[in-house]
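Q: The structure is given below, and queries will be raised subsequently.
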Amino acid sequence: FVHAAQTMGYFTAVLDPDANSPAGRVSHRHIQTDYTDPAGLQQLAACSAAITTEFENVPAPALRELAKLRPVSPGADAVAIAQDRAAEKAHFVACGVPCAPYAVIETAAQLEDAALRNVLPGILKTSRLGYDGKGQVRVKDVEALRSAWQGLKQVPCVLEKMLPLELECSVIVARGRDGQMVNFPVQRNLHREGILAVTEVYEGHLPADLQQQAVTAARAIAEGVNYVGVLCVEFFVLQDGSLVVNEMAPRPHNSGHYTLDACDQSQFDLQVRTLAGLPLAQPRQHSAAIMLNLLGDVWLDANNTLRTPDWAAVLALPGTHLHLYGKTEARTARKMGHLNVTGTSPAHVREVALKAAAILGIDAF
-6 FVHAAQTMGY
4 FTAVLDPDAN
14 SPAGRVSHRH
24 IQTDYTDPAG
34 LQQLAACSAA
44 ITTEFENVPA
54 PALRELAKLR
64 PVSPGADAVA
74 IAQDRAAEKA
84 HFVACGVPCA
94 PYAVIETAAQ
104 LEDAALRNVL
114 PGILKTSRLG
124 YDGKGQVRVK
134 DVEALRSAWQ
144 GLKQVPCVLE
154 KMLPLELECS
164 VIVARGRDGQ
174 MVNFPVQRNL
184 HREGILAVTE
194 VYEGHLPADL
204 QQQAVTAARA
214 IAEGVNYVGV
224 LCVEFFVLQD
234 GSLVVNEMAP
244 RPHNSGHYTL
254 DACDQSQFDL
264 QVRTLAGLPL
274 AQPRQHSAAI
284 MLNLLGDVWL
294 DANNTLRTPD
304 WAAVLALPGT
314 HLHLYGKTEA
324 RTARKMGHLN
334 VTGTSPAHVR
344 EVALKAAAIL
354 GIDAF
């Protein structure tokens, strides 16, 4: 976002408690303080015309305080919904978007509800602060459910029924304060260990009717909360071809990083436009694209020793675009960057992406 805003001539300020914040390092100003620090929030508001977020775990109360002083997008209500799986599921239902059968578990007594058997086998997920597969346990029966809830420290949870999954996809929409809304193409996603690994976006990667269903559902979810900003909605496609919503992310998303090199506008460009109140033009994809998520594992050899990946070999491949985030320490499962591969045909980008994956030690897909 900082790069996109600066390209359009805007000065930027970042509030982040991390002294090595990648966004803070490239911004005109870095306010190093906690997200809830009143003095820090005042400083941010004083030097800003409008305020947005980079990830969904910024406390909603902090956004509400900032909104008293400056326009904030996305709004605190939308972020609060995304931070709570139970509220998120209720929002999906209210918007008429199908989701997996689920049950909210907040007390030990609810574990004895006979209706829970209709949601088993399932996945028990903490209602708050779960991401990239964290805070999730697969359970096959009530006994396993009780044990899993104990293991999760008896915090409020949502139990979601396990469904016969065929694949996963996502849609990124951008909505302005005037209600104008545009969307990127539907992305087909592959997750490994709960973390996005590969995104593919090209003609024929998903059935046209499924793509339209996903776009319609994502737009309904955004409209339902009067959303302003960039929103990603993730979906499961079941083996019978039906679509169910998984979750929403109130921010630019990993699955949309391909837009930096394959579209005439990126998701970050649209984040700037929604924040600045500029018109939204429907983005156009000009190249077939595959995105490889680069985790810290790529920097580690078989002995878990740090090494520098062979970027020269990767960048010698046609249509490769390397984006590293400026993080100072590579760790297992930590998102360090991504590689976009673009080209004129799906066959070409798959061939190149598979070669790049092999060089980097990433499993084929």
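Just so you know, my numbering puts 319 at position 326 of the sequence shown, and the rest follows in order with no gaps. Ideal Cβ placement from N, Cα and C applies to all residues, glycine included. Just so you know, these numbers come straight off a predicted model, no measurement behind them.
Mapping DSSP to helix, strand and coil, what is THR313?
A: Residue state, collapsed to three classes: strand.
Q: Would you kindly work out how many angstroms separate the C-alpha atoms of ALA12 and VAL135, rounded to a whole number?
A: Going from the Cα of ALA12 to the Cα of VAL135 covers about 45 Å.
Q: Out of PHE177, HIS84, ALA323, GLY312, which has the shortest C-alpha to C-alpha gap to ASN297?
A: It is ALA323.
Q: Using three-state DSSP, classify ILE214 as helix, strand or coil.
A: In the structure shown, ILE214 sits in a helix (DSSP, three-state: H, G or I).
Q: Taking three-plus beta-carbon pairs below 8 Å as touching, is the region 250 to 270 in contact with the region 281 to 293?
A: As far as the Cβ criterion goes, the region 250 to 270 touches the region 281 to 293, which means the pair count is three or higher.
Q: Figure out for me which residue from SER41, LEU315, LEU160 has the closest Cα to the Cα of ALA60.
A: Comparing Cα positions, the closest option is SER41.
Q: Is it right to say PHE48 is buried, meaning 16 or more other beta carbons lie within 10 angstroms of its own, or is it exposed?
A: When all chains shown are included, PHE48 counts as exposed.
Q: Determine whether the beta carbon atoms of ASP27 and PRO52 lie at a separation below 7 Å.
A: No, these two residues do not count as a Cβ contact at 7 Å.
Q: Starting from the C-beta of PRO114, find all residues in its chain whose C-beta is less than 8 Å away, skip the five residues before and the five after it, and write them out in chain order.
A: ARG131, VAL132, LYS133, ASP134, LYS154, MET155.
Q: Does ILE355 come out as helix, strand or coil in the three-state DSSP assignment?
A: Note: ILE355 maps to coil in three-state DSSP.
Q: Taking 8 Å as the limit between beta carbons, can you name the residues of its chain near ALA357, skipping five residues before and five after?
A: For ALA357, where only same-chain residues beyond five positions count, the Cβ hits under 8 Å are LEU347, ALA350, ALA351.
Q: Under 8 Å by Cβ, that's how I've got VAL265 and ALA102 pegged, so tell me the actual separation to the nearest angstrom.
A: Actually they do not touch by this definition, with Cβ atoms about 49 Å apart.
Q: Give the straight-line distance between the Cα atoms of ILE214 and THR119, rounded to the nearest whole angstrom.
A: Cα to Cα, ILE214 sits roughly 22 Å from THR119.
Q: Given that a residue counts as buried once 16 or more other Cβ atoms are within 10 Å of its Cβ, and exposed if not, what is PHE85?
A: With 16 or more other Cβ atoms within 10 Å, it is buried.
Q: For ASP290 and TRP142, what's the separation of their Cα atoms in angstroms?
A: Cα to Cα, ASP290 sits roughly 30 Å from TRP142.
Q: Only counting the same chain, and skipping five residues up and downstream in sequence, which positions put a Cβ closer than 7 Å to that of GLN170?
A: Rather than Gln, the amino acid found at residue 170 in this sequence is Arg. Counting only Cβ-Cβ distances below 7 Å, and skipping sequence neighbours, we find VAL221, GLY270.
Q: What is the rounded straight-line gap between the Cα of HIS411 and the Cα of LEU315?
A: The displayed coordinates of the chain run from -6 to 358. Any statement about residue 411 would go beyond what the structure contains.
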